[in-house]
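Structure first, commentary second.
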Amino acid sequence: MVNKPHRTNSNFQIKYFIATAHTPDGKYMQLYELYITTEAKLKHAEAQKLEFEAKREKLEYLKKHSKKKYEIMEAEAELMKVNADLPIWIKNVEAAQQELAYIKKLMDELEPHRKYKDRDILEANELIQEEEWAWELITRAENYILSEGRIPADHFTTMRLHPHFSDMILPHIQSLISLTRNKSLIEINEILENKKLLSIQKPKEVLKCLNQKI
10 MVNKPHRTNS
20 NFQIKYFIAT
30 AHTPDGKYMQ
40 LYELYITTEA
50 KLKHAEAQKL
60 EFEAKREKLE
70 YLKKHSKKKY
80 EIMEAEAELM
90 KVNADLPIWI
100 KNVEAAQQEL
110 AYIKKLMDEL
120 EPHRKYKDRD
130 ILEANELIQE
140 EEWAWELITR
150 AENYILSEGR
160 IPADHFTTMR
170 LHPHFSDMIL
180 PHIQSLISLT
190 RNKSLIEINE
200 ILENKKLLSI
210 QKPKEVLKCL
220 NQKI
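Residue numbers (my numbering): 10 to 223.
Right under this line is the structure:
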């Protein structure tokens, strides 16, 4: 079910479709980006609350002091809109707070497994790029093999641009091709899930904490 009333992202979506990087540091960076965006929205919500209150005060004042009937009616109509929006706004804020807390929970679970946790966030993000891109290219190649039975030439060209094509990417792909020859989709997927069968394995800590129940 993809419904997510009041939420920007559901917990399931955050865990399985947003934090999709291949290393603990990579996942942490994706969650960090989502965290600061959500945190900023909550801070903006504090300003919105003041705007709500100011608008209500202004409209209440107009209702009491205006001599013109149409102005009083307009003020009443605007007040009805504000009062209708306020419960939704309150629920949106509550949902954003829940979302922020869940993001923080996942980040805390990843923190002990990070390779560059002692580095500044900007520096750490740069340091993970080489490994992240290697695994991203490998994963795309796996998906091509699973869905089409081959790796397109343009993706192979991209993989060859990576500095670890020869010592990391190519051995993994070669191992995968050998193991999946004449296999069904289910058998290929089992091989992809069981990284022990492949010559190059992802770090053991990857997804260790995120494999737990939400």
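C-beta: ideal position from N, C-alpha, C; glycine also.
Does the distance from the CB of residue i to the CB of residue j come in under 8 Å?
i, j, result
"ILE27", "ASN20", "no"
"ALA84", "LEU68", "yes"
"ARG128", "LEU115", "no"
"ARG123", "TYR37", "yes"
"THR46", "GLU108", "no"
"ILE195", "ILE112", "no"
Am I right that residue i and residue j are in contact with their C-beta atoms under 8 Å? What's the rounded C-beta distance?
i, j, result
"LYS100", "HIS15", "5 Å"
"ALA150", "MET168", "7 Å"
Distance, Cα to Cα, residue i vs residue j?
i, j, result
"VAL102", "ARG159", "47 Å"
"CYS133", "ARG65", "Reading off the sequence, residue 133 comes out as Ala, not Cys. Between ALA133 and ARG65, the C-alpha separation is close to 47 Å."
"SER75", "VAL91", "19 Å"
"LEU155", "SER193", "9 Å"
"TRP144", "LYS126", "20 Å"
"TRP98", "THR166", "49 Å"
"GLU140", "LEU51", "33 Å"
"LYS217", "THR189", "Confidence at LYS217 is low in this model, with a pLDDT of 48, below 50, so the placement of that residue is unreliable and no value is reported for it."
"ASN203", "TYR153", "18 Å"
"LEU187", "ILE200", "Inspection of the sequence shows that residue 187 is occupied by Ser rather than by Leu. C-alpha separation (whole angstroms): 11 Å."
"GLU118", "HIS173", "29 Å"
"ALA104", "LYS13", "10 Å"
"ALA162", "ALA49", "42 Å"
"ASN191", "GLN183", "15 Å"
Taking 7 Å as the cut-off, is the CB of residue i close to at least one heavy atom of the ligand FMN?
i, result
"ILE23", "The ligand content of the structure shown is nil, which means the ligand FMN is not present either."
Stretch-stretch touch, CB-based, cutoff 8 Å, three pairs: the segment 26–42 with the segment 137–151: yes
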